[in-house]
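In my numbering, the protein residues as written are 9 to 295.
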């Protein structure tokens with residue numbers, strides 16, 4: 009498949025390397041004979057291809073993202089592909105300055121400041137805000153079918169009870185906004201003390217911003233209060249931020265539970281470490 013895509017984009021890379029930490033789509037880094045690098049991204053499904061295509065339309069010029077150099081709508085064997093420029097730098101880690109955390113907050117808020125178009129039919133990005141809690145519950149129950157196959161009955165029963173308990177404590181959802189749904193360090197590129205931008209838009213929605221802090225807190229903000237405070241200052245320099253003390257408990261639970269179901273769908277052996285991490289989080293929350 010990759011050879012056909014390279015031909016479509018008229019690429020002849022001197023080196024082709026599959027990118028790690030891309031859980032859903034398949035991504036290749038292509039080094040050209042000029043020394044320049046570009047990326048070929050193959051989304052997991054046709055819908056994810058269409059979402060990402062529309063996401064570039066909404067985000068370009070508003071937040072820092074790669075340049076879409078070309079796209080291919082695919083065929084019966086391939087859902088489609090993108091040719092993307094390289095953002096200079098490496099994925100975000102916890103070993104960064106407060107200034108970087110501030111910039112991450114600004115970037116996140118700039119994205120959340122984007123609202124649904126008046127004519128929603130022009131976009132394949134679903135607007136879930138009007139029925140936000142129904143959307144969340146449907147996702148939860150969908151993944152529950154997978155989760156119950158791989159966790160103990162007692163943990164499953166406690167999880168179903170915890171969902172209802174935590175959901176009842178939620179405030180009204182904040183939004184509607186453009187939300188990433190996978191805003192985590194691997195998708196935030198940093199070059200020294202400067203945030204270059206963000207990547208990966210195949211799961212985006214219009215919905216409540218409340219859900220969009222969860223993975224960043226799990227993998228970055230929760231490790232250092234100084235980074236969290238700097239991020240918060242950056243975010244609030246653009247727009248008001250959800251009260252994370254009120255929304256994080258529910259969405260942390262939801263993320264861990266749904267991630268366990270995701271691991272079963274995509275392969276337990278392949279995603280064993282991720283499954284173990286989320287089982288630990290789920291046990292800590294419900295017990």
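Glycine included, every Cβ here is placed at the ideal spot set by N, Cα and C.
Short Cβ contact (8 angstroms threshold) for residue i with residue j
i: residue 56; j: residue 35; result: no
i: residue 37; j: residue 25; result: yes
i: residue 214; j: residue 136; result: yes
i: residue 93; j: residue 114; result: no
i: residue 217; j: residue 185; result: yes
i: residue 265; j: residue 175; result: no
i: residue 290; j: residue 144; result: no
i: residue 229; j: residue 243; result: no
i: residue 106; j: residue 201; result: no
i: residue 95; j: residue 79; result: no
i: residue 33; j: residue 51; result: yes
i: residue 91; j: residue 155; result: no
i: residue 63; j: residue 212; result: yes
i: residue 97; j: residue 198; result: yes
i: residue 235; j: residue 191; result: no
i: residue 180; j: residue 99; result: no
i: residue 226; j: residue 117; result: no
i: residue 138; j: residue 13; result: no
i: residue 112; j: residue 203; result: yes
i: residue 219; j: residue 196; result: no
i: residue 87; j: residue 42; result: no
Simplified DSSP state of residue i, which is helix, strand or coil
i: residue 204; result: strand
i: residue 78; result: strand
i: residue 19; result: coil
i: residue 83; result: coil
i: residue 34; result: strand
i: residue 225; result: helix
i: residue 272; result: helix
i: residue 100; result: coil
i: residue 187; result: strand
i: residue 292; result: helix
i: residue 155; result: helix
i: residue 4; result: The displayed coordinates of the chain run from 9 to 295. Any statement about residue 4 would go beyond what the structure contains.
i: residue 90; result: strand
i: residue 278; result: coil
i: residue 24; result: strand
i: residue 255; result: helix
Buried or exposed (CB count within 10 angstroms, at least 16 for buried), residue i
i: residue 206; result: buried
i: residue 165; result: exposed
i: residue 269; result: buried
i: residue 172; result: exposed
i: residue 273; result: exposed
i: residue 126; result: exposed
i: residue 110; result: buried
i: residue 277; result: exposed
i: residue 251; result: exposed
i: residue 102; result: exposed
i: residue 59; result: buried
i: residue 70; result: exposed
i: residue 146; result: exposed
i: residue 11; result: exposed
i: residue 288; result: exposed
i: residue 280; result: exposed
i: residue 177; result: exposed
i: residue 65; result: exposed
i: residue 292; result: exposed
i: residue 249; result: buried
i: residue 9; result: exposed
i: residue 182; result: buried
i: residue 210; result: buried
According to DSSP, residues forming a beta bridge with residue i
i: residue 193; result: Answer is none; residue 193 lacks a bridge partner.
i: residue 135; result: 214
i: residue 172; result: Paired residues: none, contrary to the question.
i: residue 199; result: 202
>> Extract the residue ranges of the alpha helix (DSSP H) inside the region 43 to 75, only unbroken runs of 4 or more that lie entirely within it.
In response: 54 to 67
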